[in-house]
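Those protein sequences? They're chains A and B, same order as listed.
For the first sequence, the working numbering gives the first residue as 17, with consecutive numbering after it.
For the second sequence, the working numbering gives the first residue as 5, with consecutive numbering after it.
The C-beta atom is built at its ideal place from N, Cα and C for all residues, glycine as well.
Everything on this sheet refers to the single structure shown next.
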Amino acid sequence: MSIALIMFVIFIAITLGITYWAARQSTNSAAFFAANRQLTAWQNGIAVSGDYMSAASFLGIAGLIAFNGYDGFMYSVGFLVAYLTVLLIVAEPLRNAGKYTMADVLAYRLQARPVRSMAALSTLTVSTFYMIAQMIGAGTLVTLLLSSSGIKYEAAVIGVGILMIVYVVFGGMLATTWVQIIKAILLMGGTIILSIMVLGNYGFDLGRFFDAVSHVQYTDATTHALVTKNFLEPGLLYKGGFFTKPYGGLDLLSLGLALVLGTAGLPHILVRFYTVPNAKTARISIVWAMLIIGFFYILTTFLGWGAATLVGRDFIAKNGGTNMAAPLLAQKLGGEVFFAFISAIAFATILAVVAGLTISASTSFAHDFWTNVVRRGKEQTKDEEVRVARIAAFVVGLVSIALALALKDLNVAFLVGLAFAVAASANLPVIVFSLFWKRFNTNGAVIGIATGLIASLVLIIISPSIMGIDPAGTAGAARHLIQANAIFPLNNPGIVSIPLGFLGAYLGTLLGREPSAEAQFTELNVRANTGLGAEV
Amino acid sequence: MAGANAGRPARRDLTPVVGAPTDVSPVGRSGVKPAHEQTAQEDRDMAAWDEVAAMTEFRQLVAAKIRFIVPATIFFLVYYLLLPLLVGLAPDLMKTKILGQVNLAYLFALSQFIMAWILAFIYLRQAGVFDDMVRGIIAKLRAARGGQ
């Protein structure tokens with residue numbers, strides 16, 4: 017049995033212990049969906065960071081920076097600044113006026129059934145895209161690490177899926193949160209140690225480190241010639257300006273918009289505001305999260321550039337590809353044991369994030385769709401909502417296992433970008449209008465969510481992420497799904513789909529007036545601003 | 005608390021009921037719905053929302069929030085979007101080396117982290133002022149109800 021496998025097993029054992037403990041505590045809705053609203057600011061702050069620092073951040077960004085230098089760092093910047101949108105605009109009003117999901121705030125003064133159905137649909141869409149990306153990442157990682165133990169992709173995906181179902185179904189939000197906290201601490205620890213080791217390799221001389229970063233050698237993929245590039249300079253990934261093909265500058269701007277506005281619409285981040293006792297705690301927990309996340313993302317440059325200079329882009333490309341930059345750096349600097357440790361952290365990261373996504377998806381289904389749409393707000397039997405959520409979590413788990421198995425060869429990076437773009441286009445406009453625009457009504461919410469959802473999905477499908485003509489012989493993950501020239505030139509749809517989402521919500525509202533929604537704006541406004549009548 | 009009205013705040017009581025049996029107790033719907041379960045229509049009389057909304061103090065609170073949040077949001081969005089804009093429109097400027105090999109592009113990106121942290125802390129301090137205003141509003145409402 018390899019060291020990596022032993023570390024995986026230890027982590028799994030600890031988290032199952034937590035789940036067992038949490039299962040004995042959770043008996044009702046508030047416990048299952050919102051950890052009894054008893055989390056402290058630092059606990060919730062670390063859990064928010066944990067939810068956010070997914071495999072896409074740890075493995076993905078380190079890899080992007082290792083391969084493209086500065087342009088990869090752009091993700092890191094957007095991911096942090098996005099929290100200002102969360103902190104200043106959505107966190108406190110949502111905590112003051114809501115209960116378990118973002119739809120609670122929408123349904124407050126709009127017609128509950130259509131609005132909640134649409135909100136549940138977009139929540140499930142965002143969560144699913146996010147989740148499949150994590151599951152495929154988990155499968156690939158485990159396969160690479162444990163191939164010597166004979167564990168295959170399929171077995172790895174099924175294993176991750178079953179674990180996540182167990183955490184969520186039995187442990188609810190409490191177990192999910194503690195798994196997230198432990199993982200966030202492990203991840204920060206691993207990242208700090210790895211960064212120190214990188215700098216140690218340069219004698220803790222930042223000048224020498226940046227000298228190396230500005231002269232990175234690798235083999236160009238198309239010309240097969242050895243080239244030297246300055247990895248501190250922009251333009252390696254996003255080539256071309258705003259008006260010249262391939263519109264790299266514009267794509268970067270589009271990505272920036274999706275990141276900075278998308279976080280405030282991510283369902284698994286929004287549900288975290290409901291796990292704390294009040295708006296003030298929600299606010300402080302976001303600032304905690306900003307400190308942790310910011311520090312982490314600054315360190316990603318040391319991981320990425322460390323991998324580029326010490327491991328080498330060519331070596332990473334041959335040994336697992338971009339996503340393996342951080343684990344390979346650990347192997348180079350700390351040997352097999354450290355490699356196993358960092359890989360186990362990456363695995364823990366994926367498990368925890370997947371559990372967080374599952375609970376937000378199943379909460380939305382049970383609370384928004386089942387109780388409030390199907391049952392029209394009345395539970396038929398005691399604790400029906402929690403039971404439905406458990407079943408939903410089980411189904412969500414099975415569906416993601418099936419999708420991750422079927423989409424094995426899909427390039428996963430764009431799935432996460434898509435999740436952010438959908439969240440920014442479909443969720444954010446209606447949240448903002450509902451809180452701040454008196455005339456906003458049911459038509460606006462339904463049309464806004466639909467426009468944002470459809471626009472972002474269609475633009476992604478006709479983008480270069482999905483469409484493209486591959487040279488003969490391209491196989492597996494690198495192959496485009498549709499073999500035709502892309503219709504939409506940008507990889508990220510944000511710059512078009514976000515304005516469309518706002519426009520849809522605005523025009524939909526103008527279709528007619530809804531006196532009841534306008535009459536209840538006063539109440540929502542007082543609640544959102546003062547916390548009067550907020551759930552404790 | 006016991007009785008059929010448990011969980012339902014007394015009429016026109018404006019304060020949030022701390023420790024109320026919300027759905028920390030089961031969400032069975034046999035009895036009266038707990039406060040947070042009610043739609044806006046159902047709990048219209050829970051607090052005098054219109055009365056609160058008409059208070060000078062409440063208007064001042066909303067105005068103060070807008071005065072802070074709107075400029076702050078515009079500031080950070082502009083500061084943040086300047087980064088991709090400058091990288092896309094003036095790549096050569098951004099490649100200017102400032103400290104050894106470290107160029108303007110990297111320093112500007114790093115400054116985004118500092119900006120985000122500083123703005124977050126300024127907001128935390130400012131939010132303390134908003135919290136005080138909210139407490140003032142609640143105290144005034146209580147006094148008007150004879151210290152309930």
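Short Cβ contact (8 Å threshold) for residue i with residue j
{"i": "A/Ala-342", "j": "A/Ile-366", "result": "no"}
{"i": "A/Ala-466", "j": "A/Ser-450", "result": "no"}
{"i": "A/Ile-181", "j": "A/Gly-33", "result": "no"}
{"i": "A/Ser-230", "j": "B/Gln-105", "result": "yes"}
{"i": "A/Leu-286", "j": "A/Leu-444", "result": "no"}
{"i": "A/Gly-187", "j": "A/Leu-75", "result": "no"}
{"i": "B/Ile-102", "j": "B/Leu-111", "result": "yes"}
{"i": "A/Tyr-290", "j": "A/Gly-114", "result": "yes"}
{"i": "A/Phe-89", "j": "B/Ala-113", "result": "yes"}
{"i": "A/Val-438", "j": "A/Leu-469", "result": "yes"}
{"i": "A/Ala-346", "j": "A/Phe-354", "result": "yes"}
{"i": "A/Leu-275", "j": "A/Gly-94", "result": "yes"}
{"i": "A/Val-142", "j": "A/Ala-368", "result": "no"}
{"i": "A/Arg-132", "j": "A/Asn-457", "result": "no"}
{"i": "B/Val-91", "j": "A/Pro-250", "result": "yes"}
{"i": "A/Ile-167", "j": "A/Val-158", "result": "yes"}
Classification of residue i by the beta-carbon crowding that lies within 10 angstroms, buried from 16 upward
{"i": "A/Ala-371", "result": "buried"}
{"i": "A/Thr-325", "result": "buried"}
{"i": "A/Pro-531", "result": "exposed"}
{"i": "B/Phe-79", "result": "exposed"}
{"i": "A/Tyr-36", "result": "exposed"}
{"i": "B/Gly-32", "result": "Low local confidence applies: a pLDDT of 36 at B/Gly-32 is under 50, so the model's placement there is unreliable, and no value is given."}
{"i": "B/Asp-27", "result": "Caution is warranted here: a pLDDT of 35 is assigned to B/Asp-27, below 50, making its placement in the model unreliable, and the coordinate value is therefore given only provisionally. So B/Asp-27 counts as buried."}
{"i": "A/Arg-288", "result": "buried"}
{"i": "B/Leu-97", "result": "exposed"}
{"i": "B/Arg-71", "result": "exposed"}
{"i": "B/Leu-18", "result": "Its pLDDT being 44, under 50, B/Leu-18 is placed unreliably in this model, and the value from its coordinates should be taken loosely. So B/Leu-18 ends up on the buried side."}
{"i": "A/Pro-487", "result": "exposed"}
{"i": "A/Glu-401", "result": "buried"}
{"i": "A/His-240", "result": "exposed"}
{"i": "A/Gly-524", "result": "buried"}
{"i": "A/Thr-235", "result": "exposed"}
{"i": "A/Gln-233", "result": "exposed"}
Residue i - DSSP class collapsed to helix/strand/coil
{"i": "A/Gln-347", "result": "helix"}
{"i": "A/Val-292", "result": "coil"}
{"i": "B/Leu-103", "result": "strand"}
{"i": "A/Lys-245", "result": "strand"}
{"i": "A/Gln-196", "result": "helix"}
{"i": "A/Thr-235", "result": "strand"}
{"i": "A/Ser-219", "result": "The sequence given here has Gly at residue 219 of chain A, not Ser. Of the three classes helix, strand and coil, the one that applies to A/Gly-219 here is coil, per DSSP."}
{"i": "A/Asp-399", "result": "coil"}
{"i": "A/Lys-334", "result": "helix"}
{"i": "A/Tyr-146", "result": "helix"}
{"i": "A/Arg-132", "result": "helix"}
{"i": "B/Ala-52", "result": "coil"}
{"i": "A/Pro-505", "result": "coil"}
{"i": "A/Gly-281", "result": "helix"}
{"i": "A/Thr-35", "result": "helix"}
{"i": "A/Gln-127", "result": "coil"}
{"i": "B/Lys-69", "result": "helix"}
{"i": "B/Asn-9", "result": "Residue placement at B/Asn-9 is flagged as unreliable, the pLDDT there being 41, under the threshold of 50; a coordinate-derived value is accordingly withheld."}
{"i": "A/Thr-156", "result": "helix"}
{"i": "A/Phe-318", "result": "helix"}
Residue from the options whose Cα sits closest to the Cα of residue i
{"i": "A/His-496", "options": "A/Ile-478, A/Pro-130 and A/Thr-525", "result": "A/Ile-478"}
{"i": "A/Trp-194", "options": "A/Thr-297, A/Ile-212, A/Gly-66 and A/Lys-168", "result": "A/Gly-66"}
{"i": "A/Gly-336", "options": "A/Ala-228, A/Leu-161 and A/Gly-188", "result": "A/Leu-161"}
{"i": "A/Gly-561", "options": "A/Val-327, A/Ile-511 and A/Ala-535", "result": "There is simply no residue 561 of chain A to check, as chain A begins at 17 and stops at 552 in what is shown."}
{"i": "A/Ala-63", "options": "A/Phe-518, A/Ile-309 and A/Phe-537", "result": "A/Ile-309"}
{"i": "A/Pro-515", "options": "A/Phe-331, A/Gly-464, A/Thr-538 and A/Gly-547", "result": "A/Gly-464"}
{"i": "A/Leu-282", "options": "A/Lys-255, A/Met-306 and A/Ser-138", "result": "A/Ser-138"}
{"i": "B/Val-74", "options": "A/Ile-77, A/Leu-103, A/Ala-82 and A/Val-93", "result": "A/Leu-103"}
{"i": "A/Ala-107", "options": "A/Ala-440, A/Val-214, A/Ala-72 and A/Ser-301", "result": "A/Ser-301"}
{"i": "A/Leu-100", "options": "A/Leu-349, A/Gly-517, A/Phe-381 and A/Arg-299", "result": "A/Arg-299"}
{"i": "A/Ile-498", "options": "A/Ile-482, A/Phe-504 and A/Gly-510", "result": "A/Ile-482"}
{"i": "A/Arg-224", "options": "A/Thr-338, A/Trp-321 and A/Ala-172", "result": "A/Trp-321"}
Within-8 Å CB hit, residue i to chain D
{"i": "B/Gly-140", "result": "Of the protein chains in the structure, A and B, none is chain D."}
### Message
My parser needs the beta strand (DSSP E) runs of 3 or more residues fully inside the region 436-501 of chain A; what are they?
### Response
none
### Those runs of the alpha helix (DSSP H) which lie wholly inside the region 70-124 of chain A and span at least 4 residues
78-84, 86-101 and 107-113
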